[in-house]
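So the sequences go chain by chain: L and R.
Under numbering that gives the first Met the number 0, the residues of the first sequence are numbered 0 to 144, in order.
Under numbering that gives the first Met the number 0, the residues of the second sequence are numbered 0 to 133, in order.
A virtual CB, placed ideally from N, CA and C, is assigned to each residue, including glycine.
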Amino acid sequence: MPEEAAPTAQPFTMPVERGKIREFAAATGSTSDDYLADPHPVIPPTFLRTTLFWSPPGSGLLPEGIKLDLRRILHGEQEYTFFGPPPRAGDTLTVTPRVESVTTKQGKRGGEMLIVVMVDDFTDADGKLVAQGRSTLIQTGKAPE
Amino acid sequence: MTYGKGDALPQRSFGPITRTDIVRYQGASGDFNPIHHDEEFAKSAGFPTVFSVGMLQAGYLATYATDLFGPANVRNFRVRFSEQVWPGDVLTCDGTVADIGTDEATGEQRITLELRATRQTGGAAIQAWASFAL
């Protein structure tokens, strides 16, 4: 059950860059010319993870009182939806992050698990929603044995 | 290659995954959680050593899918993380065609895939569901 009203963070701008696409594609095992040779390559399906480079420092989204511990965080699920062909190098996206839900659940091995679902909406220069990211993070009750 | 519902996709392997592969992905993605490259930090969290970033496995599986169906055609990619992946692991990607049909909202023909990346131990590292325009 949701514990807190879902906060929305300030939108920020994310330019989609060719060099970053090439770097990301190579790091995920791709040799495709669609990424590496095309002067305006489309982004790989999980490329929008790189919002991490553009979100303003200190733009913590989590509801007050909730602090995630990197030692106990598991990435449960990640989803990207594209409402048409994915963005390309040269596009400028506006990213609006929000917390969709924060729930707690009794862990199988004891301790309370915290489940946080975060959504990023990506709009293009015309304000059209072109992509959406949805992350499910799980904080375990204690560090895994 | 044209696929029909229920068809199996050709297998493809990635790895063995090195610490360098993990660090390179962290640099590319901007996720610098030290648990994936700092041995002492990983041990302090109770792990025997560093382990791969879930999104690296997801990226390999995405590369597998886009090489088959085209990077510009992807419409949805959802991944669920199961087992951790460790340095030295080899991941084998495979999948099946779950459905082919018309997307009601856009009128686009879509192929829906069920994908997975399996460790050399037989353990399923990640599962994914993807949809591509045809």
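Residue i - DSSP class collapsed to helix/strand/coil
i, result
"Q25 (chain R)", "helix"
"L47 (chain L)", "helix"
"S54 (chain L)", "coil"
"H74 (chain L)", "strand"
"I42 (chain L)", "coil"
"S43 (chain R)", "helix"
"G18 (chain L)", "helix"
"P85 (chain L)", "coil"
"D125 (chain L)", "coil"
"Y34 (chain L)", "helix"
"G132 (chain L)", "strand"
"F23 (chain L)", "helix"
Nonlocal neighbours in the same chain, by C-beta distance under 7 angstroms from residue i, ignoring five residues either side
i, result
"G122 (chain R)", "E82"
"K4 (chain R)", "V96, D98, I99"
"G109 (chain L)", "G140"
"A4 (chain L)", "Residue confidence is low: A4 (chain L) scores 49 on pLDDT, short of 50, so the model does not pin down where it sits. Its coordinate-derived value is still stated next. Around A4 (chain L): no qualifying Cβ."
"F68 (chain R)", "I110, F131"
"Q119 (chain R)", "D88, V89"
"Q25 (chain R)", "F31, H35, H36, V52"
CB of residue i within 9 angstroms of CB of residue j, strictly
i, j, result
"P10 (chain L)", "T95 (chain L)", "yes"
"A129 (chain R)", "F80 (chain R)", "no"
"L73 (chain L)", "I137 (chain L)", "yes"
"R48 (chain L)", "M54 (chain R)", "yes"
"F52 (chain L)", "G29 (chain R)", "yes"
"L128 (chain L)", "F82 (chain L)", "yes"
"G58 (chain R)", "T27 (chain L)", "yes"
"D93 (chain R)", "A7 (chain R)", "yes"
Cβ-based neighbour list, residue i, same chain, cut-off 6 angstroms, excluding 5 preceding and 5 following
i, result
"R115 (chain R)", "A123, Q126"
"T117 (chain R)", "T91, A123"
"L133 (chain R)", "Q108, I110"
"P134 (chain L)", "The sequence as given places Ser at residue 134 (chain L); Pro does not occur at that position. Within the same chain, S134 (chain L) has close Cβ partners Q77, M117."
"G87 (chain R)", "P15"
"P85 (chain L)", "V41, I42"
Same chain, Cβ closer than 8 angstroms to residue i, five either side skipped, listed in chain order
i, result
"I34 (chain R)", "F40, A41, A44, F46, V49, F50"
"P40 (chain L)", "R17, I20, R21, A24, D33, Y34, R87, A88"
"P38 (chain L)", "R17, A88"
"D37 (chain R)", "V49"
"S29 (chain L)", "L35, P43"
Contact with chain A by residue i, beta-carbon distance below 9 angstroms
i, result
"V49 (chain R)", "Protein chains in the displayed structure are L and R, and chain A is not among them."
In chain order, each beta strand (DSSP E) run of at least 3 residues that lies wholly inside the segment 55 to 131 of chain R: 73 to 80, 90 to 101, 108 to 118
Given a limit of 7 angstroms on CB to CB distance, which residues of the segment 77 to 89 of chain R reach chain L? R77, V78, R79, F80
Going along the segment 98 to 115 of chain L in order, which residues come within less than 7 angstroms of chain R, judged by CB to CB distance? none
What residues in the segment 20 to 50 of chain L bring their beta carbon closer than 7 angstroms to a beta carbon of chain R? E22, F23, A26, T27, G28, S29, S31, D33, Y34, V41, P43, P44, T45, R48, T49
Going along the segment 73 to 86 of chain L in order, which residues come within less than 9 angstroms of chain R, judged by CB to CB distance? L73, H74, G75, E76, Q77, E78, Y79, T80, F81, F82, G83, P84, P85
Can you list, in chain order, the residues of the segment 62 to 78 of chain R whose Cβ is nearer than 9 angstroms to any Cβ on chain L? T62, Y63, A64, T65, D66, G69, P70, A71, N72, V73, R74, N75, F76, R77, V78
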